[in-house]
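As given, the protein sequences belong to chains A and B, one line each in that order. Quick note: the first sequence uses this note's numbering, first residue 1, plus one each step. Quick note: the second sequence uses this note's numbering, first residue 1, plus one each step. A short worksheet on the structure shown next.
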Amino acid sequence: MSAPTVEAPRRALAWRPGPVALAGAVAVVLVIAGELVSPGFAGYGQLVNLMRVAAFLSVIAIGQTIVIIAGGGGVDLSVGKVATFAAIIGSRVMAGDDANIVPAVALALLVAAAIGLVNGLGVTLLRIPPFVMTLGMIGVVQGLILAYTGGQASGRAAPALTSLVNGRIVFDLPGLLFLWLLLGLLAVWLLRRTTFGWNLYAVGANRAAAELTGVRAGRTLILAYVLSATFAGLAGILLLGYTESVFLDLADQYMLPSVAAVVIGGTLLAGGIGGYAGTAVGAIVLTVLQGLLTTLDIGGAWRTIVNGVVLLVLLSLYGRQRRLRS
Amino acid sequence: MSGTFSLRGVRLPAVQLSGAATVGMLVVAVIVNSALQPNFWSGYALTSNFATFVPLVAIAVGQTIVVLSGGIDLSLGAQVTLASVVAVRVVDGQLDRLPQAVAAALGVGLVCGALNGLVVALVRLQPIVATFATSFVFSGLALVVLPTPGGSVPLEVTTAYRAAVLGLPVALLAILGLALLWWALRRHRVLRHVYAVGGDPEAAYASLVPVARTRVSAYVLGGLFAALAALAVLANTGSGDPFVGNELTLASVAAVVIGGTSLAGGRGGAGGSMLGAIVLALVTNIVFFADVPTTYRQLVNGAVIILALALAGIPALQKRRPAA
């Protein structure tokens with residue numbers, strides 16, 4: 001740390017793009033880079049495909065955004081496992097029959113919400129740090145999955161769900177993208193237009209102050225974790241519709257990328273600041289990056305390395321913390 | 001925050017209390033385990049138990065130091081993987097290359113830790129996401145070094161690791177060695193700075209503690225302990241595996257919390273984390289020997305771990321209530 005200096009006046013950096021614009025620009029740059037490296041990357045069908053992959057991460061990241069805005073070290077590491085579990089429940093109850101869609105989705109979301117409730121209670125009542133609580137929950141949900149399936153996932157997505165997710169409705173766009181748009185709007189509405197949303201930002205910015213002004217911080221936090229798990233469950237159901245059959249680690253790999261999408265989208269891990277639009281763009285950036293790395297013919301190991309390095313660069317665009325001043 | 005000098009006096013009771021919770025859990029775990037596992041106290045069972053404990057114990061010490069500094073290192077498991085595959089490549093089954101292999105592993109830990117420290121302390125990225133990103137780099141490099149499981153460790157090493165000196169298993173001695181290492185570090189200025197930075201970075205900065213340098217040191221120490229964990233993994237398994245460290249990362253965080261170290265930083269110590277790591281390993285043992293049906297094993301395991309995490313937080317809970 002260098003010697004303390006006077007902070008440059010704000011005028012010196014008169015205009016800086018917001019995190020959402022910046023992340024969007026990165027996404028465009030990545031797409032252009034992809035087109036240059038492998039012509040056809042930016043083709044309509046290919047882009048639609050990328051967006052479709054981004055949708056799952058993006059829906060999981062809705063809940064992650066809510067929990068992170070709630071502050072207090074809020075983070076939900078169990079989202080990947082919860083999504084997997086929801087897909088497994090959905091698949092088994094549906095058993096490939098349209099008539100079972102409603103009970104299947106209801107049961108899956110109910111179980112997900114219950115897991116979120118336990119997370120929320122652990123974080124608020126027992127004051128277990130969110131990172132650890134949701135980390136422990138990964139083990140429990142994995143256990144539930146094994147107990148429920150006996151190690152062998154069964155069932156199948158109902159045809160109606162599959163055609164809802166994969167079917168082309170307008171402009172040759174899969175229904176999944178419209179569902180994502182719908183859920184995204186729901187998330188923005190929740191955060192910006194409801195009492196819960198306002199309370200959430202208040203608690204995230206300063207929990208003590210929020211409590212003093214009459215916000216029930218505990219209740220808001222519990223609801224945040226319930227919503228997080230529920231959105232994760234929804235993502236699991238969508239994923240089920242996409243893949244039609246499930247396997248035991250279907251959505252596990254979304255755990256930390258969902259956090260990364262939130263951070264790249266400009267939401268502060270400290271809580272209280274941010275929004276869903278950024279997260280959605282962050283998820284798109286991460287997915288386009290994955291797509292670009294897959295088209296490059298550099299082998300799995302180097303792809304992983306480049307992924308890490310680019311992630312670091314992306315994070316340093318907006319994920320930086322302020323420096324210490326005395 | 002009260003004054004820096006009175007802090008030690010104020011914090012001591014809390015640390016002791018959470019230490020008591022961890023020791024209590026360990027005692028219960030040992031009693032239950034020895035009741036369920038008929039030959040728990042036999043030399044063979046003790047040796048093989050301790051042999052599997054060492055990697056998690058070592059990585060838990062490293063995680064503790066990083067957490068104490070106010071950070072978290074989600075790349076420690078990947079570092080264990082990378083250090084172990086590099087070491088196994090260097091040693092290549094020949095005993096006379098052992099020193100170089102150990103040096104290579106420690107070098108890997110040092111460089112990885114320095115990279116993390118650089119990214120967290122100088123670029124000032126959030127530790128959770130920054131070390132998540134570097135973990136990609138490390139695990140990718142591990143795959144470049146050793147694409148498929150293979151390589152061999154000299155037979156002498158694996159034999160010695162499971163031997164006993166004066167009736168004490170070598171692995172137990174390794175754990176005692178780690179404890180001694182922590183004890184020595186704890187007395188060094190760097191660790192005092194780590195506690196200060198983790199407790200209140202602003203105050204530490206104002207008191208002329210080199211905050212950035214201390215953070216880098218914490219990640220470097222974390223990397224070095226990851227390298228030690230890697231050596232233990234190799235001595236235990238006898239060959240290299242480019243995925244070996246994946247599960248250690250999150251377990252190390254759990255061990256730290258069960259050991260009573262606050263994730264907020266500045267409070268706790270590696271002694272508790274080492275016990276926490278052993279508790280975690282014993283829980284797995286207990287669930288195995290308790291005749292829990294295979295499909296329910298993981299569920300019971302997870303539930304017990306959540307219980308342990310909750311119990312570990314109770315002392316802090318009592319302490320925080322009046323203040324909140």
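Just so it is clear, CB atoms sit at the ideal spot from N, CA and C, and this is done for glycine as well.
Asked                                                                                                                                                                       : Found
Exposed or buried, which one is A/V28 when buried takes at least 16 other CB atoms within 10 Å?                                                                             : exposed
If you follow the alpha helix (DSSP H) that A/F171 is in, where does it begin and where does it stop?                                                                       : Here A/F171 belongs to no alpha helix (DSSP H), and DSSP marks it neither H nor E.
Indicate the three-state DSSP secondary structure (helix, strand or coil) for B/V165 in the structure shown.                                                                : strand
Curious, which full-length alpha helix (DSSP H) runs of at least 4 residues does the segment 126-184 of chain B contain?                                                    : 127-145 and 155-161
Closest to A/G45 by CA distance: which of A/G80, A/A61, A/V93 and A/D172 is it?                                                                                             : A/D172
Helix, strand or coil, according to DSSP, for B/G19 in the structure here?                                                                                                  : helix
Roughly how many whole angstroms lie between the Cα atoms of A/T294 and A/L268?                                                                                             : 30 Å
Is the CB of A/F231 under 8 Å away from at least one CB in chain B?                                                                                                         : no
Output the distance between the C-alpha atoms of A/L121 and A/A42, rounded to the nearest integer angstrom.                                                                 : 46 Å
Are the segment 116-128 of chain B and the segment 232-240 of chain B touching by the rule of at least three beta carbon pairs closer than 8 Å?                             : no
With contact counted as at least three CB pairs below 8 Å, one residue from each stretch, are the segment 213-223 of chain B and the segment 187-200 of chain B in contact? : yes
Who pairs with B/G240 in a beta bridge, going by DSSP?                                                                                                                      : B/G150
Any beta-carbon of chain A closer than 8 Å to the one on B/V170?                                                                                                            : no
Would you kindly work out how many angstroms separate the C-alpha atoms of A/G34 and A/V48, rounded to a whole number?                                                      : 14 Å
Could you please tell me which residues of the segment 111-129 of chain A, in chain order, have their CB closer than 8 Å to any CB of chain B?                              : G122, L126, R127, I128 and P129
Run through chain A and tell me which residues come within less than 9 Å of B/V233, C-beta to C-beta.                                                                       : Simply none; closest approach about 20 Å.
Just the Cα atoms here: how many angstroms apart are A/A208 and A/L125?                                                                                                     : 16 Å
Taking just the CA atoms, how far does A/D76 sit from A/T134?                                                                                                               : 6 Å
In chain order, which alpha helix (DSSP H) runs of at least 4 residues are fully inside the segment 231-291 of chain B?                                                     : 248-258 and 270-289
Less than 8 Å between CB atoms is the rule here; does B/Y219 satisfy it with respect to chain A?                                                                            : no
So, is B/V165 buried or exposed, given that buried needs 16 or more other C-beta atoms within 10 angstroms?                                                                 : exposed
What is the DSSP secondary structure of B/N116, counted as helix, strand or coil?                                                                                           : helix
To which residues of the same chain is A/L107 closer than 7 Å at the C-beta, ignoring the five residues directly before and after it?                                       : I89 and V93
Shorter than 8 Å from the beta carbon of B/T249 to some beta carbon of chain A?                                                                                             : no
Taking a Cβ distance cut-off of 7 Å, strictly less, list which residues of the segment 142-154 of chain A are near chain B, in chain order.                                 : Q142, G143, L144, L146, A147, G150 and G151
Using beta carbons (cut-off 8 Å, strictly below), is B/P149 in contact with chain A?                                                                                        : no
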